[in-house]
Ligand SMILES: Nc1ncnc2c1ncn2[C@@H]1O[C@H](COP(=O)(O)OP(=O)(O)OP(=O)(O)O)[C@@H](O)[C@H]1O
Ligand SMILES: [Mg+2]
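In my numbering, the protein residues as written are 966 to 1226.
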């Protein structure tokens, strides 16, 4: 059975795309057949995995608003990953989708056609709560919320959690909120930890462990068109490997995900 994971937070720059790419590579290294879906018109996931969005003929846009079959747009992205790429065309998909009945279900229906080919699908949502993110959350079995460990990280979390609740009530009752994934974490200061304690106090939201440490390796990796797992050993890659192992255990053995306390 395919597990679909959405990575969502309407706040920009919190490491959604980095999490999708790194987790995808880590799950692939664990033997999972991985499909990553770039749902952001900026195409950062597509770009960071070595494909130039400007040079692609077809993308997730053609799947969502056209009749194009999913298989026709998929590209290989290295490290065993298959990618459903995005191009800037996707910016127009929002308006097109708004006119479609059942618009929130478009991605879910599309992914159902390739369910036999993949064990895990991870969806990179754009930094908004628009119709693309609603498609991601409707298609997903579970949702992970990357949260940058800085002051005011909690702003917008309440709105995101309300959206998840609405999705559960309306389009996807089975959606499971896995929790917040602390990113850009600096273990040398107490600040990161204070921010996380504040978030878990304010909201009924588990904070997952391990946190993803801040390291320059991530910028180096995306510039080279591969993930942080492909390069030299580093603590960022190790954290995503551990998260991938924990997620896989929770899916296959029904074990609980570790949380910070
Ligand atoms: N653990 C980390 N340590 C250092 N830099 C990181 C880390 N994770 C992500 N980054 C960097 O932070 C920036 C933002 O990351 P990313 O693009 O993944 O965020 P995003 O949430 O997808 O952004 P957007 O909302 O624009 O889609 C990138 O330059 C990325 O390389
Ligand atoms: Mg992104």
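Ideal Cβ positions, reconstructed from N, Cα and C, are used throughout, including at glycine. Here the structure is a predicted model, which means the values were calculated and not measured.
In this model, residue 1144 and residue 1031 are separated by some 34 Å (Cα to Cα). Shown here, residue 1124 sits in a helix according to DSSP, grouped into three states. Rounded to whole angstroms, the Cβ separation of residue 1004 and residue 1025 is 7 Å, and the two are in contact under 8 Å.
According to DSSP, residue pairing for residue 1139 in a beta bridge does not occur. Within the same chain, Cβ atoms closer than 6 Å to the Cβ of residue 1058 are found at 1026, 1029, 1030, the five residues on either side in sequence being excluded.
Here the alpha carbon of residue 1051 sits roughly 37 Å from the alpha carbon of residue 1166. Annotation note: the segment 1146-1176 contains no uninterrupted beta strand (DSSP E) run of length 3 or greater. Classified as buried, residue 1125 has 16 or more neighbouring CB atoms from the shown chains inside 10 Å of its CB. Setting aside the 5 residues that flank it on each side, residue 997 is surrounded in the same chain by 1084, 1085, each with a C-beta closer than 6 Å to its C-beta; the list follows chain order. The segment 1175-1194 makes contact with the segment 1040-1055; the number of CB pairs closer than 8 Å reaches 3 or more. Per DSSP, residue 1058 is not a residue of any beta strand (DSSP E); the alpha helix (DSSP H) it occupies stretches across 1055-1063. The count of Cβ pairs closer than 8 Å, one atom from the segment 1006-1015 and one from the segment 1115-1134, stays below three, leaving the stretches out of contact. Where residue 1113 is concerned, the enclosing beta strand (DSSP E) starts and stops at 1107-1113. Buried is the label assigned to residue 1113, since at least 16 other Cβ atoms lie within 10 Å of its Cβ.
The shortest C-alpha to C-alpha distance from residue 1169 to any of 1224, 1210, 1139, 1218 is the one to 1224.
Looking only at 1018, 1065, 1129, the smallest Cα-Cα distance to residue 973 is reached by 1129. A distance of 7 Å or more separates the beta carbons of residue 1213 and residue 1076. Contact check for residue 980 against residue 1148 passes: the beta carbons are separated by less than 7 Å. Looking only at 1132, 1220, 1202, the smallest Cα-Cα distance to residue 985 is reached by 1202. Pairing residue 1226 with residue 1066, the inter-Cα distance amounts to about 44 Å.
Residue 1180 and residue 1200 have their C-alpha atoms some 8 Å from each other. Screening all residues for a C-beta within a distance smaller than 5 Å of any heavy atom in ligand 2 leaves 981, 982, 1009, in chain order. Placement of the Cβ of residue 1047 at a distance of 6 Å or more from every heavy atom of ligand 1 is found.
Here residue 1069 really is in contact with residue 1103; their C-beta atoms are around 4 Å apart, less than 8 Å.
Residue 971: not part of any alpha helix (DSSP H); member of the beta strand (DSSP E) spanning 968-972, first to last residue.
Looking only at 1034, 1146, 1155, 1108, the smallest Cα-Cα distance to residue 1133 is reached by 1108. Under DSSP, the beta-bridge partners assigned to residue 1041 are 1047. Following the DSSP letters along the chain, one finds residue 1021 in no beta strand (DSSP E), marked with neither H nor E.
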